[in-house]
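Asks: Below you'll find the structure I mean.
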Amino acid sequence: MRLILASTSPYRRELLARLDLPFETLSPQVDETAIPGEAPPETARRLAAAKAAAVARREPDAWVIGSDQVAELDGAALGKPGGREAAVGQLSAMSARAVRFATAVTLQRDEERFHALDSTLVRFRPLSLEEISRYVDAEKPFDCAGSFKSEGLGIALFDAIESRDPTALIGLPLIAVAGLLRKAGFALP
1 MRLILASTSP
11 YRRELLARLD
21 LPFETLSPQV
31 DETAIPGEAP
41 PETARRLAAA
51 KAAAVARREP
61 DAWVIGSDQV
71 AELDGAALGK
81 PGGREAAVGQ
91 LSAMSARAVR
101 FATAVTLQRD
111 EERFHALDST
121 LVRFRPLSLE
131 EISRYVDAEK
141 PFDCAGSFKS
151 EGLGIALFDA
161 IESRDPTALI
171 GLPLIAVAGL
181 LRKAGFALP
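Heads up, the sequence shown is in full-length UniProt numbering, so the first residue is 1 and it goes up one at a time.
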């Protein structure tokens, strides 16, 4: 069976490669604009499904994985910072606070779809502006929701991570993905 990851994210590509299945990647070319009033978990679900559907329409013979992650602080979504100033601002706002990350995944072929949602709570330790600046300058997490890479130096920013699946925080919940792939008939260990 043919498998496609509907993503241009190198993080998701690296994660999916851990399952040792052959797959391709294609850009989903989906507008990722949030809908006003939409809760962050719903945004993640909607975008994961839209990404999978967009590629599935172009590649009807393949199973397609779409995934999206939205960080939430005080009920508001935090996007990718895009640059240094925004990353410093996000991390300053999250200092000594808890942030929830909703990571959604959809597996689709034609009209057959499977969905999963992982929720991860990240508890940040109190961070000084100097610590934040050192971190941002060292890792440059400008393409990451929440302005950190938990798989890298970002781990030093936390007091705790509460999750069922540690890969979800990186961008693709592999425990859920493996379960969805098994439902679709893929042979996994």
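Idealized CB from N, CA, C, for every residue including glycine.
Taking buried to mean at least 16 other C-beta atoms within 10 Å of its own C-beta, is ASP118 buried or exposed?
Replies: On the sequence shown, residue 118 is found 118 positions in, with the first residue counted as 1. Result: buried.
Asks: Looking at ARG12 and LEU171, is the spacing between their C-beta atoms short of 8 Å?
Replies: The residue given as residue 171 occupies position 171 in the sequence shown. The residue given as residue 12 occupies position 12 in the sequence shown. The amino acid occupying residue 171 in the given sequence is Gly; Leu does not appear at that position. Contact: yes.
Asks: Counting Cβ pairs closer than 8 Å, one from the segment 45-53 and one from the segment 16-25, do we hit at least three?
Replies: Too few Cβ pairs lie closer than 8 Å, so no.
Asks: For a test of the three-state rule: what should DSSP assign to THR90, helix, strand or coil?
Replies: Against the sequence shown, residue 90 aligns to sequence position 90. Going by the sequence as given, residue 90 is Gln instead of Thr. Three-state result, GLN90: helix.
Asks: Find out if the Cβ-Cβ distance for the pair ALA168, THR120 is shorter than 8 Å.
Replies: Locating residue 168 in the sequence shown gives position 168, where the first residue counts as 1. Locating residue 120 in the sequence shown gives position 120, where the first residue counts as 1. Yes; because the gap between Cβ atoms is below 8 Å, this pair is in contact.
Asks: Can you tell me the Cα-Cα spacing of VAL88 and LEU180, whole angstroms?
Replies: Here residue 88 is taken as the residue at index 88 of the sequence shown, counted from 1. Here residue 180 is taken as the residue at index 180 of the sequence shown, counted from 1. Approximately 37 Å between the Cα atoms of the pair.
Asks: Hey, out of ASP110, LYS140, ALA145, whose CA is closest to residue 198's CA?
Replies: Missing from the structure shown is residue 198; the chain here goes from 1 to 189 and no further.
Asks: In this structure, how does DSSP classify VAL99 when only helix, strand and coil are distinguished?
Replies: Here the question's residue 99 lines up with position 99 in the sequence shown. Of the three classes helix, strand and coil, the one that applies to VAL99 here is strand, per DSSP.
Asks: For the segment 29-89, which segments carrying the alpha helix (DSSP H) assignment without a break, of at least 4 residues, lie completely within its bounds, in sequence order?
Replies: Qualifying alpha helix (DSSP H) stretches, in chain order: 40-58.
Asks: What residue range is occupied by the uninterrupted beta strand (DSSP E) comprising ALA116?
Replies: For the purposes of this step, residue 116 is identified with residue 116 of the sequence shown, where counting begins at 1. Looking at the DSSP string, the run of the beta strand (DSSP E) that includes ALA116 is 112-124.
Asks: Compute the distance between the beta-carbons of SER95 and LEU73, then report whether it is under 8 Å.
Replies: Position 95 of the sequence shown, counted from the first residue, corresponds to residue 95. Position 73 of the sequence shown, counted from the first residue, corresponds to residue 73. No; because the gap between Cβ atoms is not below 8 Å, this pair is not in contact.
Asks: Quick one: any contact between the segment 33-44 and the segment 60-78, if contact means 3 or more CB pairs under 8 Å?
Replies: Cβ pair count under 8 Å is three or more, so yes.
Asks: Given ALA156, which residues of its chain have a CB within under 6 Å of its CB, disregarding the five upstream and five downstream residues?
Replies: One-based indexing of the sequence shown puts residue 156 at position 156. Nothing listed; no residue qualifies.
Asks: By Cβ distance below 8 Å, which residues in the same chain neighbour GLU59 in space, the five residues on each side in sequence not counted?
Replies: The residue labelled residue 59 in the question sits at position 59 within the sequence shown. Around GLU59: ARG2, ILE4, LEU26.
Asks: Quick one: which unbroken alpha helix (DSSP H) runs of 4-plus residues sit fully inside the segment 127-160? Chain order, please.
Replies: Runs found: 129-139.
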